[in-house]
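Below: the structure, in structure tokens.
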């Protein structure tokens with residue numbers, strides 16, 4: 008047995024905390040003005056905030072008058088297939104993100120129990136939660152059939168949603184412009200949302216329309232929330248149709264009117280005027296149903312191909328575009344040399360005369376070769392900035408974990424949060440620093456019920472950032488996207504420094520975040 012005096016000596020030498028951040032300006036995430044304080048961390052949690060002079064720690068970080076904030080929470084990502092290959096998530100960590108939510112736009116893993124187990128074996132660099140996606144669930148039961156679900160099929164889909172929620176999904180998502188979800192009706196969506204309602208869940212929707220019929224789409228999203236009892240998160244809120252740029256004032260007013268009626272509905276946004284999704288959205292949805300073989304058969308039929316082309320040109324005109332120069336290839340598996348070029352340029356490179364008919368043919372040929380991931384110049388900056396000013400707009404990238412140097416992805420996967428801080432706080436003054444931080448932290452945390460994250464509070468998980476708001480820069484561009492953000496000097500995930508003085512550390516302390524019952 009060790010002498011008592013020896014034990015007392017060891018206790019006296021033990022540090023008070025694991026990490027102690029000194030000389031910082033604390034922005035707590037609630038929108039409050041910054042204040043000076045030290046922040047102490049122990050066992051992965053925030054142990055104390057205040058004047059901690061005389062206290063000791065195993066590691067001390069001098070914030071040197073930089074701001075200390077909660078880690079950012081990105082509630083709209085798509086990381087399935089990429090997180091397994093790059094579990095560190097470097098592009099997110101270096102943009103200040105410590106928690107992501109995937110499974111958006113109706114697309115998710117279905118067997119979440121198995122997927123979570125694999126990811127926990129791999130170990131993640133940041134925290135991750137997921138939604139269960141309507142399109143993925145419908146595909147399990149109905150394939151890509153272009154019809155309404157039967158009562159029996161709805162029951163089968165509800166069972167899949169319930170199983171996913173039991174495994175820890177934080178909510179239910181839809182992507183109602185994508186197949187096969189676009190073939191569903193509101194009744195089906197409500198029924199599946201109800202299967203998630205007993206799990207304290209959120210309904211996140213890529214709505215059925217973000218242009219001419221946006222009011223109807225907002226109303227449908229709110230109807231799903233009302234009838235199922237779920238909170239509503241409208242994904243990447245935007246006006247994607249040049250003909251009606253400027254009408255965000257009306258769509259925001261509609262959202263706010265529903266809030267005044269007692270519906271818990273909020274939105275998220277990425278701060279860019281370009282969107283990104285697949286090439287298939289340029290075709291009518293019926294043309295993409297029933298699998299690749301059916302698509303090939305339709306396009307091999309001259310009359311059907313002509314009908315598809317005619318509808319594509321009408322869709323283009325309804326958007327307000329004269330040609331497809333607004334559509335830029337991000338990643339085309341069949342021919343990487345087309346990455347970074349728009350459809351008009353690709354059409355010319357292929358030796359065709361410039362005409363809308365030829366550009367349509369270029370798209371159809373690419374669809375037959377597997378399609379492509381695209382970047383579309385579809386929004387106006389007036390709407391982007393107006394939506395950003397709306398107090399209930401969270402910041403979310405709609406991006407993914409990227410393989411550095413591969414393809415021409417949208418810059419939002421690298422620089423979303425830095426762009427808000429550099430462009431819309433520092434340069435334009437659209438938001439205050441404190442409010443920008445709120446939109447990246449406590450606002451998304453409250454919607455997704457991450458009850459111990461999103462704020463700097465004693466007892467909360469120690470997801471913490473240290474940065475100089477005058478120096479944060481987003482370096483990723485559409486033409487040259489593969490650049491990490493600069494300026495997030497220290498990033499801690501669950502109390503562990505994963506970025507120190509701007510450099511990644513070889514540690515992966517992230518966790519799977521599962522829903523919590525109230």
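Numbering (this note's numbering), first residue to last: 8 to 525.
Just so it is clear, CB atoms sit at the ideal spot from N, CA and C, and this is done for glycine as well.
Local Cβ density within 10 Å of residue i, reported as buried at 16 or more and exposed below that
| i | result |
| --- | --- |
| residue 319 | buried |
| residue 299 | exposed |
| residue 120 | exposed |
| residue 349 | buried |
| residue 144 | buried |
| residue 400 | buried |
| residue 102 | buried |
| residue 331 | buried |
| residue 16 | Any answer about residue 16 is weak, because its pLDDT of 46 lies below 50 and its placement is not dependable; what the coordinates show is given next. Residue 16 comes out exposed. |
| residue 309 | exposed |
| residue 447 | buried |
| residue 158 | exposed |
Bridge partners - residue i, DSSP secondary structure assignment
| i | result |
| --- | --- |
| residue 345 | Partner(s): none; residue 345 has no beta bridge. |
| residue 504 | 499 |
| residue 472 | 76 and 498 |
| residue 140 | 180 |
| residue 212 | 181 and 241 |
| residue 275 | 401 |
| residue 282 | 383 |
| residue 511 | 506 |
| residue 135 | 107 and 519 |
| residue 480 | 493 |
Check whether residue i and residue j have beta carbons under 9 Å apart
| i | j | result |
| --- | --- | --- |
| residue 67 | residue 474 | no |
| residue 53 | residue 465 | yes |
| residue 415 | residue 335 | yes |
| residue 255 | residue 213 | no |
| residue 244 | residue 394 | yes |
| residue 553 | residue 451 | Given a span of 8 to 525 for the chain in the structure shown, any question on residue 553 remains unanswerable. |
| residue 440 | residue 74 | yes |
| residue 259 | residue 218 | no |
| residue 108 | residue 136 | yes |
| residue 276 | residue 402 | yes |
| residue 203 | residue 123 | no |
| residue 229 | residue 178 | no |
| residue 339 | residue 380 | yes |
| residue 187 | residue 430 | no |
Residue span of the alpha helix (DSSP H) that contains residue i, given as start and end
| i | result |
| --- | --- |
| residue 529 | With the chain covering 8 to 525 only, the question about residue 529 has no answer from this structure. |
| residue 73 | Neither: residue 73 is in no alpha helix (DSSP H) and is coded neither H nor E. |
| residue 166 | 158-174 |
| residue 238 | Note, residue 238: premise wrong, no alpha helix (DSSP H); beta strand (DSSP E) at 238-241. |
| residue 201 | 193-203 |
| residue 64 | Counting along the chain, residue 64 falls outside any alpha helix (DSSP H), though it belongs to the beta strand (DSSP E) covering 64-69. |
| residue 268 | Looking at the DSSP string, residue 268 is not in any alpha helix (DSSP H), and its letter there is neither H nor E. |
| residue 325 | 309-326 |
Span separating the alpha-carbon of residue i from that of residue j
| i | j | result |
| --- | --- | --- |
| residue 504 | residue 235 | 40 Å |
| residue 191 | residue 155 | 6 Å |
| residue 14 | residue 509 | In this prediction, residue 14 has a pLDDT of 45, which is less than 50 and means its spatial position is unreliable; what the coordinates show is noted afterwards. Roughly 39 Å separates the two Cα atoms. |
| residue 115 | residue 293 | 22 Å |
| residue 60 | residue 223 | 57 Å |
| residue 422 | residue 369 | 31 Å |
| residue 130 | residue 329 | 48 Å |
| residue 375 | residue 343 | 16 Å |
| residue 488 | residue 383 | 15 Å |
| residue 525 | residue 233 | At residue 525 the pLDDT is 49, less than 50, meaning the model places this residue with poor confidence and gives no usable figure here. |
| residue 500 | residue 48 | 11 Å |
| residue 240 | residue 139 | 14 Å |
| residue 198 | residue 171 | 15 Å |
| residue 18 | residue 461 | Unreliable placement is indicated for residue 18, whose pLDDT of 48 sits below 50; no coordinate value is reported for it. |
Extent of the continuous beta strand (DSSP E) to which residue i belongs
| i | result |
| --- | --- |
| residue 31 | 24-33 |
| residue 123 | First-last for residue 123: 119-129, but that is the alpha helix (DSSP H), not the beta strand (DSSP E). |
| residue 44 | 42-49 |
| residue 424 | From DSSP, residue 424 is part of no beta strand (DSSP E) but of the alpha helix (DSSP H) over 419-426. |
| residue 180 | 178-182 |
| residue 52 | 52-57 |
| residue 335 | 334-338 |
Closer than 9 Å to chain B by CB, residue i
| i | result |
| --- | --- |
| residue 429 | No chain B appears in this structure, which consists of one protein chain only. |
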